[in-house]
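Before any comments, here is the structure.
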Amino acid sequence: MVGSLMPNVLVILAEGFEEIEAVTPIDLLRRAGVEVTIAALAPGIHVTGRGGLTLHADTPLAAVEHADFDCVFLPGGPGVKLLRADPRVAAIVRRHAAAGRWLAAICAAPLVLHDAGLLAGRKYTAHPSTAAELTALRADERVVEDGRLITSRGAGTAVDFGLFLVARLVSAAQSAEVARSICS
0 MVGSLMPNVL VILAEGFEEI EAVTPIDLLR RAGVEVTIAA LAPGIHVTGR
50 GGLTLHADTP LAAVEHADFD CVFLPGGPGV KLLRADPRVA AIVRRHAAAG
100 RWLAAICAAP LVLHDAGLLA GRKYTAHPST AAELTALRAD ERVVEDGRLI
150 TSRGAGTAVD FGLFLVARLV SAAQSAEVAR SICS
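Counting in numbering that gives the first Met the number 0, the sequence shown tops out at residue 183, every number present.
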């Protein structure tokens, strides 16, 4: 863990993010006591998702882009095109991967990791719509772990993904406790 008793996670939100894929894991991580920093890709702190929900981020990405986190988490949705287009995001995930820290991505967000050169030779899953670019996609698996890389398929797997993150970042016991608390 980088600098705290509980792990800390950076979540990068771009306009058009998939709300379920962001909010569900953030909620589960916070229930487990994980420090989650939500960073807006664009200047400002309000980010509107695919379904029209606007989230109040903790900070603009520019304020934390050089900070170290135990995990960087990228939600999917149409906003992934903005994550892919911003060189800061690729730099952040490459830096965290090189330091042996966790990377987590759901739905189309593994495309960002692919662009950063971090999926070659790795096991991963993503939304089936990414199969043309992510040719080694394990489309039938809900959550895939390969070293410190955790990927998931999409909105329908967000609870599984969030609980998996809790298990890896905190403990299996804490993940089970959070799952019980939400009647999972």
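The beta carbon of each residue, even a glycine, is placed where N, CA and C say it ideally should be.
Nothing here was measured: the structure is a model prediction, and the numbers come from that model.
The beta carbon of Val143 lies closer than 7 angstroms to those of Lys122, Tyr123, Thr124, Arg137, Thr150 in the same chain, with the five residues before and after it left out.
For the set Lys80, Asp85, Leu112, Leu81, the Cα lying nearest the Cα of His95 is the one of Leu112. With respect to the C-alpha of Ala84, the residue from Gly99, Ala13, Ser180, Asp159 having the closest C-alpha is Ala13.
Around the CB of Ser183, fewer than 16 other CB atoms lie within 10 Å, so the residue is classed as exposed.
For Glu14, no beta strand (DSSP E) run applies, since DSSP gives it neither H nor E. Among the bridge pairs identified by DSSP, Glu34 is matched with Asn7. One thing to note: Glu132 has its Cβ no nearer than 8 angstroms to the Cβ of Gly76. Assignment of beta-bridge partners to Ala103 by DSSP yields Phe72, Ile149. In this structure, Ile19 lies away from Leu40, with their beta-carbon atoms at least 8 angstroms apart. Counting other Cβ atoms within 10 Å of its Cβ, Ile181 stays below 16 and is therefore classed as exposed. For Leu112, the uninterrupted alpha helix (DSSP H) segment begins and ends at 109-114. In the same chain as Ala104, and ignoring 5 residues on each side of it, the C-beta atoms closer than 6 angstroms to its own belong to Leu73, Leu112, Thr150, in chain order. Within a 10 Å sphere around the beta-carbon of Asp69 sit 16 or more other beta-carbons, which makes this residue buried. Within the model, the alpha-carbon separation for Asp26 versus Gly153 is close to 16 angstroms. Residues Leu112 of the same chain have their beta carbon placed closer than 6 angstroms to that of Leu118, with the five preceding and five following residues left out of the count. About 5 angstroms separates the beta carbons of Val8 and Val35, which is inside the 8 angstroms limit, making them a contact pair. Collapsing the DSSP output to three states places Val158 in a helix.
Across the structure, Thr156 and Val22 are spaced so that their CA atoms are roughly 13 angstroms apart. For His55, the enclosing beta strand (DSSP E) starts and ends at 53-55.
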